[in-house]
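Heads up: the sequence lines are chains E and R, in that order. Our numbering puts the first residue of the first sequence at 3, with every later residue one more than the last. Our numbering puts the first residue of the second sequence at -6, with every later residue one more than the last. Since the structure comes first, as structure tokens, the remarks are kept for the end.
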Amino acid sequence: IPGRHTYAKYNTWDKIVAWTEKMVHKHPEMVSRIKIGTTIEDNPLYVLKIGTGDERRKAIFMDCGIHAREWISPAFCQWFVYQAAKSYGKNKIMTKLLDRMNFYVLPVFNVDGYIWTWKQNRMWRKNRSRNLNSKCIGTDLNRNFNASWNSFPDTNKPCGETYAGPAPESEKETRAVTDFIRKHRKSLEAYITIHSYSQMVLFPYGYTAKLPPDQEELTKVAKVSTDALSSRYETRYIYGSIASTIYRTSGSSLDWAYNLGIKHTFAFELRDKGRFGFLLPESQIKSTCKETMLAVKYIAKYILRHAS
Amino acid sequence: VPPVRFDREKVLHVNLQDEKQANVLKGLADTHELDFWYPDAPHHVAGNMTVDFRVSEKEFQSVQLALDQHEMRYEILIHDLQEVIEKQFDVKED
């Protein structure tokens, strides 16, 4: 028995698994659980599908917890699923969204790493796969995608925190996600990935300073979503392409999803600006999730109105 | 294996003024075990950037000395990481 799940606190992996079952049981017409693969330590990778329609509808894929120590990220995915399911039939906008599109939510991408942060090392970032010819463990899953993979220095050292892995999509978690997204490519209109920290909304590219062809639209959506986010508690976010806003990176999920043809791709870097960093107190979970919800809902509304 | 503890480990917030200071910090990363929080790796460090990193209690003094010697502006964001890890659970079980 994993103990009680609560949205106001950080939850262990066991509690999150039990929570996914509870959500399906409580909202069978709205929520279903799809096992998209397993990790190297044989933990399941679950995606929750939220929505009333079949798989041909427009959809948004959102993942959380690609970096193990960014605990606020899985907390947001849980909050999102709860709020979406709870407000269906009560909130006009959410009802409209769920009547017309599906959300696929991966609450924890890096399951083994997340478990490791709870049991052994709160500061762990990568997954837990063994590396050939090295005593160091783990690959940075957000460098493991096939988007200019391993083209920058320091991503080829297994002991480094940003190790890209031995090959693109070498990791079971990456492969499970890319297979799922490729399979649902036709319906997917947006890809959102949730990180922490530094308060930003980012869009492609990371691997080049070149801006994507849709940069005007992406800039507009990112701007309005940060405006929506700050309307609740005046939390200031900045926005822009990864390369121009932070620094150039290779092998990110965001660039990969964009190059696959999902034209609305955004990465959120949630609270805070560095006061707590990866150790955002639980007392800030609710407010962080509430404001982020406004931004994600705006993106969903935009997709519904404008996407093909 | 007991869980890793972070007693008296620090998180520093450094305001880099130029490339020279960025190179000093990159050099420190070569000789010390620094865990980069932002940016997420030393090769991303550049002039006119703020950098957050974690350093052990043992290595803190020599890092601080190097920062002072090069007149680099910094702030200690977290004085005892273990304490902050415990304090993040600040909501009581309902």
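Glycine included, C-beta positions come from ideal geometry on N, C-alpha and C.
Local conformation of residue i per DSSP, three classes
| i | result |
| --- | --- |
| residue -4 (chain R) | coil |
| residue 189 (chain E) | coil |
| residue 30 (chain R) | strand |
| residue 72 (chain R) | coil |
| residue 3 (chain R) | strand |
| residue 218 (chain E) | helix |
| residue 24 (chain E) | helix |
| residue 63 (chain E) | strand |
| residue 20 (chain R) | helix |
| residue 124 (chain E) | coil |
| residue 241 (chain E) | strand |
| residue 132 (chain E) | strand |
| residue 264 (chain E) | coil |
| residue 74 (chain E) | helix |
| residue 139 (chain E) | strand |
| residue 162 (chain E) | coil |
| residue 43 (chain E) | coil |
| residue 99 (chain E) | helix |
| residue 157 (chain E) | coil |
| residue 281 (chain E) | helix |
| residue 113 (chain E) | helix |
Spatial distance of residue i from residue j (CA atoms)
| i | j | result |
| --- | --- | --- |
| residue 304 (chain E) | residue 62 (chain R) | 52 Å |
| residue 65 (chain R) | residue 25 (chain R) | 17 Å |
| residue 87 (chain E) | residue 49 (chain R) | 44 Å |
| residue 136 (chain E) | residue 176 (chain E) | 21 Å |
| residue 47 (chain E) | residue 236 (chain E) | 35 Å |
| residue 37 (chain E) | residue 301 (chain E) | 26 Å |
| residue 75 (chain R) | residue 156 (chain E) | 29 Å |
| residue 70 (chain R) | residue 45 (chain E) | 35 Å |
| residue 311 (chain E) | residue 42 (chain E) | No answer is possible for residue 311 (chain E): it lies beyond the span of chain E, which begins at 3 and ends at 310. |
| residue 91 (chain E) | residue 32 (chain E) | 11 Å |
| residue 3 (chain R) | residue 34 (chain E) | 43 Å |
| residue 35 (chain R) | residue 257 (chain E) | 22 Å |
| residue 19 (chain E) | residue 9 (chain R) | 43 Å |
| residue 230 (chain E) | residue 241 (chain E) | 13 Å |
| residue 182 (chain E) | residue 159 (chain E) | 28 Å |
| residue 151 (chain E) | residue 166 (chain E) | 7 Å |
| residue 195 (chain E) | residue 208 (chain E) | 14 Å |
| residue 86 (chain R) | residue 289 (chain E) | 18 Å |
| residue 95 (chain E) | residue 41 (chain R) | 43 Å |
Short Cβ contact (8 Å threshold) for residue i with residue j
| i | j | result |
| --- | --- | --- |
| residue 84 (chain R) | residue 44 (chain R) | no |
| residue 357 (chain E) | residue 197 (chain E) | Chain E is shown from 3 up to 310; residue 357 (chain E) falls before or after that span and cannot be answered. |
| residue 164 (chain E) | residue 171 (chain E) | no |
| residue 78 (chain R) | residue 71 (chain E) | no |
| residue 201 (chain E) | residue 234 (chain E) | no |
| residue 37 (chain R) | residue 249 (chain E) | yes |
| residue 204 (chain E) | residue 244 (chain E) | yes |
| residue 50 (chain E) | residue 113 (chain E) | no |
| residue 263 (chain E) | residue 147 (chain E) | no |
| residue 130 (chain E) | residue 69 (chain E) | no |
| residue 298 (chain E) | residue 82 (chain E) | yes |
| residue 60 (chain E) | residue 309 (chain E) | yes |
| residue 57 (chain E) | residue 186 (chain E) | yes |
| residue 39 (chain E) | residue 111 (chain E) | no |
| residue 21 (chain E) | residue 85 (chain E) | no |
| residue 283 (chain E) | residue 80 (chain R) | yes |
| residue 276 (chain E) | residue 31 (chain R) | yes |
| residue 199 (chain E) | residue 280 (chain E) | yes |
| residue 140 (chain E) | residue 103 (chain E) | no |
| residue 73 (chain R) | residue 28 (chain R) | no |
| residue 134 (chain E) | residue 168 (chain E) | yes |
| residue 5 (chain R) | residue 59 (chain R) | no |
For residue i, the residue or residues it bridges with in DSSP
| i | result |
| --- | --- |
| residue 269 (chain E) | E:195, E:204 |
| residue 36 (chain E) | E:49 |
| residue 44 (chain R) | R:7 |
| residue 105 (chain E) | E:52, E:62 |
| residue 67 (chain R) | R:7 |
| residue 250 (chain E) | Answer is none; residue 250 (chain E) lacks a bridge partner. |
- Message: Across the stretch 5 to 22 of chain E and the stretch 103 to 123 of chain E, are there enough close Cβ pairs to call them in contact, namely three or more that are closer than 8 Å?
- Response: Contact holds: three or more Cβ-Cβ distances are below 8 Å.
- Message: Under 8 Å: do the stretch 9 to 21 of chain R and the stretch 288 to 299 of chain E share three or more Cβ pairs, one atom per stretch?
- Response: These segments do not touch.
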